[in-house]
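Visitor: Residue numbers (this note's numbering): 7 to 244.
Glycine included, C-beta positions come from ideal geometry on N, C-alpha and C.
Note that the structure is predicted; figures quoted are calculated from it, not measured.
Quick one: the structure is below, and I'll ask about it shortly.
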């Protein structure tokens, strides 16, 4: 039994210990809420309130048969937030729910890790302020285009052939600064222009639209740490 497990058990029966324990675990609660939401969550977000309630419920329901407390609490938080998103999406179809939260967990066994998931996980796990700044800055840019880091996972290239194609598209944009600026201004990817000037299939460009936009934003901005995740585009290696 770990120290956190012991603290959770003690907190369940003592209000003072409970409040102290919850206070110490706020960073963990925020990380879990961010993982479930697919974006960075602050204490002012509804998701944080839901996560806090879920964590409190996890403390009160926890016993050693449930295993590691943090794994158990993280699962409770994730389920609570996903349930919230599902309810909201039924009531209001336009609610901007991240599709990734309804799908399976990221699969580390399927070749290349998906860039969107890996970057989002980096935000959750990493305390380094420089990369956190880069991630939050790019996330803000992505929101202007209507998607998040987690959304990139569905359009990330998985084979060498599609990676090479995406590299061609991104390089074409980067080599034409006026085009890159127009994309930023219009918040649209000019599929036809890219197709005509690169020879890439239209369907391929459309399928990987979010990935191409994200890579363009990262490589054309001042984001050296995030650029490492798409370094093959610059160095020519697939």
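Give the secondary structure of residue 63 by DSSP, where H, G and I count as helix, E and B as strand, and everything else as coil.
Guide: Residue 63 sits at position 57 when you count from the first residue of the chain shown. In the structure shown, residue 63 sits in a helix (DSSP, three-state: H, G or I).
Visitor: Whether or not the segment 55–65 and the segment 82–90 are in contact is what I'm after, with contact meaning three or more pairs of Cβ atoms, one per stretch, closer than 8 Å; do they touch?
Guide: They touch, by the three-pair rule.
Visitor: Using only the alpha-carbon positions, how far apart do residue 226 and residue 75 sit?
Guide: Within the chain shown, the letter at position 220 stands for residue 226. Within the chain shown, the letter at position 69 stands for residue 75. Cα-Cα distance, rounded: 43 Å.
Visitor: Go ahead and label residue 67 buried or exposed: buried means 16 or more other beta carbons lie within 10 angstroms of its beta carbon, across all protein chains shown.
Guide: Within the chain shown, residue 67 is the residue found at index 61, counting from 1. Flag for residue 67 reads exposed.
Visitor: Give the secondary structure of residue 222 by DSSP, where H, G and I count as helix, E and B as strand, and everything else as coil.
Guide: Position 216 of the chain shown, counted from the start, is the residue given in the question as residue 222. In the structure shown, residue 222 sits in a helix (DSSP, three-state: H, G or I).
Visitor: Where do the ends of the alpha helix (DSSP H) carrying residue 21 lie?
Guide: Looking up residue 21 in the chain shown gives position 15. Counting along the chain, the alpha helix (DSSP H) containing residue 21 begins and ends at 21–30.
Visitor: Tell me the rounded alpha-carbon separation between residue 208 and residue 228.
Guide: Against the chain shown, residue 208 aligns to sequence position 202. Against the chain shown, residue 228 aligns to sequence position 222. Answer to the nearest angstrom: the Cα atoms are 30 Å apart.
Visitor: Count the other CB atoms within 10 Å of the CB of residue 73; is the residue buried (16 or more) or exposed (fewer)?
Guide: As a working note, residue 73 is residue 67 in the chain shown. Burial call: exposed.
Visitor: I need the boundaries of the alpha helix (DSSP H) containing residue 3, first residue and last residue.
Guide: Since the first and last residues shown for the chain are 7 and 244, residue 3 lies out of range.
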